[in-house]
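> Oh and the sequence shown: position 225 is 228 in this note's numbering, straight run, nothing missing.
For glycine and all other residues, C-beta sits at the position ideal for the given N, C-alpha and C.
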Amino acid sequence: MQIGKELYTGKAKSVFATDDPARYVMRFRDDTSAFDGGKKASLARKGAVNNKFNAFIMARLAEAGIPSHFERLLSDTESLVKRLEMIPVECVVRNIAAGSMCRRLGIKEGTELDPPTFEFFLKDDALHDPMVNDSHIRTFGWAGEEEVARMKELTFQVNAVLKPLFLDAGILLVDYKLEFGRYQGQVLLGDEFSPDGCRLWDAKTREKLDKDRFRQDLGNVIEAYEEVARRLGVDLS
Ligand code: UDP
4 MQIGKELYTG KAKSVFATDD PARYVMRFRD DTSAFDGGKK ASLARKGAVN NKFNAFIMAR
64 LAEAGIPSHF ERLLSDTESL VKRLEMIPVE CVVRNIAAGS MCRRLGIKEG TELDPPTFEF
124 FLKDDALHDP MVNDSHIRTF GWAGEEEVAR MKELTFQVNA VLKPLFLDAG ILLVDYKLEF
184 GRYQGQVLLG DEFSPDGCRL WDAKTREKLD KDRFRQDLGN VIEAYEEVAR RLGVDLS
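1) Check this for me: beta carbons of LEU212 and LEU203, under 7 Å apart or not?
2) For ASP199, count neighbouring C-beta atoms within 10 Å of its own C-beta (all shown protein chains included) and say buried if the count is 16 or more, exposed if not.
3) Along the chain, where does the beta strand (DSSP E) that runs through ILE110 open and close?
4) Kindly confirm or deny that the segment 92 to 100 and the segment 108 to 115 touch, where touching means at least three C-beta pairs closer than 8 Å.
5) Do three or more CB pairs link the segment 37 to 55 to the segment 151 to 169 at distances below 8 Å?
6) Nearer than 6 Å: is that true of the beta carbon of ASP132 relative to any heavy atom of ligand 1?
7) Would you say ALA37 and ARG218 are within 7 Å of each other, going by their C-beta atoms?
8) Using 8 Å for Cβ pairs, my map puts THR35 next to LYS55. What's the rounded Cβ distance?
9) Going by DSSP, name the residue or residues bridged to GLY2.
10) By Cβ distance below 8 Å, which residues in the same chain neighbour ASP33 in space, the five residues on each side in sequence not counted?
11) Can we count VAL95 as close to ligand 1, meaning its CB is less than 6 Å from some heavy atom?
12) Compute every distance between the C-beta of TYR228 and the non-hydrogen atoms of ligand 1, then say whether any falls below 6 Å.
13) Is the beta carbon of GLU88 less than 7 Å from the beta carbon of GLY184?
14) Identify which residue in SER17, THR21, VAL52, LEU10 has its Cα closest to the Cα of PHE196.
15) What three-state label does DSSP hand THR142 in the structure shown?
Written as structure tokens, this is what we have:
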């Protein structure tokens, strides 16, 4: 696989062209950011940990019939993915209240959410990713009605697969964010799944094992990601 020019530089990943116009290389960097890019750092090993973590999760999702852009690992920090036309919304499912839900609705952190909630956010840092609904997505042409329904369906299917997977490893899947894109007329998951984009708590102690360690200056950020990976059986070698 020939890696071509850098097409897109995100806050934690870079995307490169390949000799196949339908494939991109996604490189996971050690950079991390929070608060719409307002807080930044470089955390040793993060790129490799998240790349391998993501490959493990995408394999579990594929086994369950959830289609994603992921094709295969290329190196410690790179994966081959399908080129999608991204839909500019974030889909969030929450099993336990945390983060923006607590700030927005005054719900106490740790409250069980039964049934789990679903939220859409517009992907726009300058606007601080405002919450939007199906109607906004349709009216402003970000996605069609069937695509909206499919994103919701797939996001909940991910919960059905990953909530028990994490629980078996002694971890609560508190919430997570997913993004989708179009590929040959289908909606595919077009995002990474790593502790950068979800909340994971130790099931017994409720210790935070995700990016909140960075957001809240709790320390041992990558050590926590590695602990989650170890408990799941992700090969980090
Ligand atoms: N999230 C994300 N990227 C974003 C916003 C949120 O990956 O731009 C994830 C976040 O890590 C959490 C979930 O989506 O797992 C819900 O985030 P929330 O709405 O609570 O926002 P936050 O408190 O992170 O601002």
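The relevant details are as follows:
1) Counting from 1 along the sequence shown, the entry for residue 212 is found at position 209. Counting from 1 along the sequence shown, the entry for residue 203 is found at position 200. Contact: yes.
2) As a first step, residue 199 is located in the sequence shown; it is residue number 196 there, counting from the start. Answer is buried; the Cβ neighbour count reaches 16.
3) In the sequence shown, residue 110 corresponds to position 107, counting from 1. Neither: ILE110 is in no beta strand (DSSP E) and is coded neither H nor E.
4) yes
5) no
6) The sequence position of residue 132 within the sequence shown is 129, counting from 1. Yes, ligand 1 has a heavy atom inside 6 Å of this Cβ.
7) Residue mapping note: residue 37 aligns to position 34 of the sequence shown, counting from 1. Residue mapping note: residue 218 aligns to position 215 of the sequence shown, counting from 1. Going by C-beta atoms, ALA37 is nearer than 7 Å to ARG218.
8) Walking along the sequence shown from the start, residue 35 turns up at place 32. Walking along the sequence shown from the start, residue 55 turns up at place 52. Not confirmed; about 16 Å, so no contact.
9) An answer regarding residue 2 cannot be provided, because it is not within the stretch 4 to 240 covered by the chain.
10) Mapped onto the sequence shown, residue 33 falls at position 30. Excluding residues within five positions, the ones whose Cβ falls inside 8 Å are SER45, LEU46, ALA47, ARG48, LYS49, GLY50.
11) For this step, residue 95 is matched to residue 92 along the sequence shown. Yes; taking the cut-off as 6 Å, the Cβ of VAL95 has a heavy atom of ligand 1 nearer than that.
12) Position 225 of the sequence shown, counted from the first residue, corresponds to residue 228. The answer is no for TYR228.
13) Counting from 1 along the sequence shown, the entry for residue 88 is found at position 85. Counting from 1 along the sequence shown, the entry for residue 184 is found at position 181. For GLU88 and GLY184, yes; Cβs fall inside 7 Å.
14) Working through the sequence shown from its first residue, we reach residue 196 at position 193. It is VAL52.
15) The residue you call residue 142 lines up with position 139 of the sequence shown. If DSSP states are grouped into helix, strand and coil, THR142 belongs with the helices.
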